[in-house]
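In what follows, a structure is listed as structure tokens, so that the remarks can point back to it.
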Amino acid sequence: MPSPRLKGHIEVASAAILFGTIGIFVSLVNRMPIGSIIFYRLLFGITAIAIFFACCGKGYGELRLKENKRHIFLLGILQAGTMLSYFISVKYTTVAISVLLLYTAPIYVTLLAPLLLKEP
């Protein structure tokens, strides 16, 4: 059994690889409307999460929002905007340009974190 640290590294690497392939698959279904791509991506995603909860014995109670509802709502709106913008950019430019622009996010976080989160 791998150590928790190694397991974490494997999970992060797996997530990065999977996340990196999104643009390729979006470009392969370029004839579909962007709204349909987003709908089916989210539909299959929620199905996978439901299966995960069912297989791991975790209750759906973990999905209940008890606090920070406004922040979670804002996070959902921002995620939808990010997904929409990214998929539109893949459709009208290239996957390489879209991924390059998406991966500039750490620069924006570095610049905005002190202003918005009062981080040093």
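Residue numbering for the sequence shown is 260 to 379, as defined by my numbering. All C-beta atoms in this analysis are idealised placements derived from N, C-alpha and C, irrespective of residue type, glycine included. Every value quoted in this text rests on a predicted model; they were computed, and no experiment measured them.
Residue i versus residue j: straight-line alpha-carbon distance, rounded
i, j, result
"residue 312", "residue 260", "23 Å"
"residue 337", "residue 344", "10 Å"
"residue 286", "residue 274", "20 Å"
"residue 321", "residue 267", "22 Å"
"residue 376", "residue 360", "23 Å"
"residue 213", "residue 328", "Not covered by the structure: residue 213. The range shown for the chain is 260 to 379."
"residue 310", "residue 264", "26 Å"
Secondary structure of residue i, DSSP reduced to three states
i, result
"residue 362", "coil"
"residue 270", "helix"
"residue 373", "helix"
"residue 264", "helix"
"residue 320", "helix"
"residue 288", "coil"
Spatial neighbours of residue i in its chain, beta-carbon cut-off 8 Å, leaving aside the 5 residues before and after
i, result
"residue 342", "297 and 300"
"residue 339", "297"
Any non-hydrogen atom of the ligand MG within 7 Å of residue i CB
i, result
"residue 274", "In the structure on display, the ligand MG does not appear, and there are no ligands present to speak of."
Other residues of its chain near residue i: CB distance less than 7 Å, five sequence neighbours each side excluded
i, result
"residue 347", "293"
Nearest candidate by alpha-carbon position, reference residue i, set the options
i, options, result
"residue 362", "291, 282, 270 and 331", "282"
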